[in-house]
Amino acid sequence: MPSEIDTKLRESDANEREDKLDTDDATTAALHEHLVEHEVEEIADHSRLRVPQIYQVVRHEGETEMARPVTSLWWSGVAAGLSITFSVFAKAVLQQYLPETGWRPLVTGFGYTVGFLLVVLARQQLFTENTITAVLPVAANPNGKNLYRLLRLWGIVFAANLTGTLVAALFSTFAPEPIPGIRETIIEVSRHAVAHGFFKSIFVAIPAGFLIAAMVWLMPSAETARFHVVTLVTYIIAIGGFSHIVVGSFEAFMLLISGEIGIGTMLAHFTIPVLIGNVIGGTALFAYAQVMKEV
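Quick note: the sequence shown uses my numbering, first residue 0, plus one each step.
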């Protein structure tokens, strides 16, 4: 018969094995819990934002911009007007150095992206970006206060953008040329801005407004690809021959200051119709109706 000592030893071994199993089970459970949490984080990191989430981000941007002080909006808008003119300058530089061939517009179009990259990545106030961001809060809660805030934002930013492009046009006209002959090339590049009549100018401006709105809509999920998104979208505007109210205002001012066009031609062939087209394109398709049943 087993002695009392043997019995106690066997009980001790059994207890140790049970403790070990309990420890292993606890370790395994903890590991599984860790893996589940880790996987959940990975899924969250790699999943795309849903449309209602993008809507909320863009709408929040609009609310924030409409609440900014006048001074901040004004100087940010002036900076955007100055920065955007580098789209025309870069395009003119490429055109001046490239041979006149059928493929030249496909290369000079990349110069058009430069000003937009400066503006968008620096978070400066550009009128056509606000056509979508500021409309969403108004569409979600239409009232007199929100409409006033929208018109206030649009008015300040639009005037500031045009002030910046006018200053840049004056500087480009009267300052010494950094590259010989570049002023004439800028004027040559700018002539397309007023090449259409009133109604055609509206229609060639609608796609530009749509594409800028698409760019704004893409930004929340673009993350590190924002450079590529801005480049792709604005390159399409360039090679498609579409009209952008802020970039084109610099071109129109250059033609006006040089005496090639009068103020009436500028307003009728460019400013008024292109403004209408950009607003239509920027607000018609990217609006509250997209997500009204989900938010």
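Just so it is clear, CB atoms sit at the ideal spot from N, CA and C, and this is done for glycine as well.
CA-to-CA distance, Tyr147 to Met218, given in whole angstroms
The sequence position of residue 218 within the sequence shown is 219, counting from 1. The sequence position of residue 147 within the sequence shown is 148, counting from 1. Taking the straight line joining both Cα atoms gives about 27 Å.
Among the candidates Glu187, Thr270, Phe269 and Val166, whose CA atom is the shortest distance from the CA of Gly80?
Indexing the sequence shown from 1 puts residue 80 at position 81. Taking only the C-alpha atoms, the option nearest Gly80 is Val166.
Beta-carbon within less than 7 Å of Val278's beta-carbon, same chain only, minus the 5 sequence neighbours each way: which residues are those?
Within the sequence shown, the letter at position 279 stands for residue 278. Within the same chain, Val278 has close Cβ partners Thr130 and Gly208.
Identify the continuous alpha helix (DSSP H) that holds Asn145 and give its terminal residues.
Within the sequence shown, numbered from 1, the residue matching residue 145 stands at position 146. Its alpha helix (DSSP H) spans residues Gly143 to Phe173.
If you reduce the DSSP assignment to three classes, tell me which class Glu187 lands in.
To locate residue 187, count along the sequence shown from 1; it is residue 188. The answer is helix: DSSP assigns Glu187 an H, G or I state.
Go to Trp74, then tell me how far its alpha helix (DSSP H) extends in each direction, as first and last residue.
On the sequence shown, residue 74 is found 75 positions in, with the first residue counted as 1. Note, Trp74: alpha helix (DSSP H), Val69 to Ile83.
Determine the direct distance from the alpha carbon of Val188 to that of Val119, and round the result to whole angstroms.
Translated into the one-based positions of the sequence shown, residue 119 becomes position 120. Translated into the one-based positions of the sequence shown, residue 188 becomes position 189. Rounded to whole angstroms, Val119 to Val188 spans 23 Å at the Cα level.
Give me the Cα-Cα distance between Thr264 and Glu62, rounded to the nearest whole angstrom.
By one-based count along the sequence shown, residue 264 stands at place 265. By one-based count along the sequence shown, residue 62 stands at place 63. Computed Cα separation, rounded: 36 Å.
Separation of Ser71 from Leu105, as counted between CA atoms
What you label residue 105 is simply residue 106 of the sequence shown in a count that begins at 1. What you label residue 71 is simply residue 72 of the sequence shown in a count that begins at 1. The straight-line gap from Cα to Cα measures roughly 37 Å.
Can you tell me where the alpha helix (DSSP H) holding Gly280 begins and where it ends?
For the purposes of this step, residue 280 is taken as the residue at position 281 of the sequence shown. Per DSSP, Gly280 belongs to the alpha helix (DSSP H) from Ile271 to Thr282.
Between the C-alpha atoms of Gly276 and Val245, what's the straight-line distance to the nearest angstrom?
Indexing the sequence shown from 1 puts residue 276 at position 277. Indexing the sequence shown from 1 puts residue 245 at position 246. One C-alpha to the other measures close to 13 Å.
So, are the CB atoms of Ile155 and Gly281 less than 8 Å apart?
One-based indexing of the sequence shown puts residue 155 at position 156. One-based indexing of the sequence shown puts residue 281 at position 282. No.
I need the DSSP call for Arg182, collapsed to helix, strand or coil.
For this step, residue 182 is matched to residue 183 along the sequence shown. Of the three classes helix, strand and coil, the one that applies to Arg182 here is helix, per DSSP.
Please confirm if the region 184-198 is in contact with the region 90-104, defined as three or more CB-CB distances below 8 Å between the two stretches.
yes
Can you list the beta strand (DSSP E) stretches of 3 or more residues lying completely in the region 98-134, in chain order?
none
How many Å lie between Thr127 and Ala133 at the Cα?
Your numbering for residue 127 matches position 128 in the sequence shown. Your numbering for residue 133 matches position 134 in the sequence shown. For Thr127 and Ala133, the distance between alpha carbons rounds to 10 Å.
Any contact between the region 95-113 and the region 134-146? By contact I mean 3 or more CB pairs, one from each, below 8 Å.
no
Quick check on Ala174: buried or exposed, where buried means 16 or more other Cβ atoms within 10 Å of its Cβ?
Counting from one through the sequence shown, the residue named residue 174 turns up at place 175. Classification of Ala174: exposed, given that the 10 Å Cβ count is below 16.
Within the same chain, show all residues whose beta-carbon is closer than 7 Å to that of Ile42, passing over the 5 residues directly before and after it, in chain order.
Here the question's residue 42 lines up with position 43 in the sequence shown. In this predicted model, Ile42 has a pLDDT of only 43, less than 50, meaning its place in the structure is not dependable enough to derive any value.
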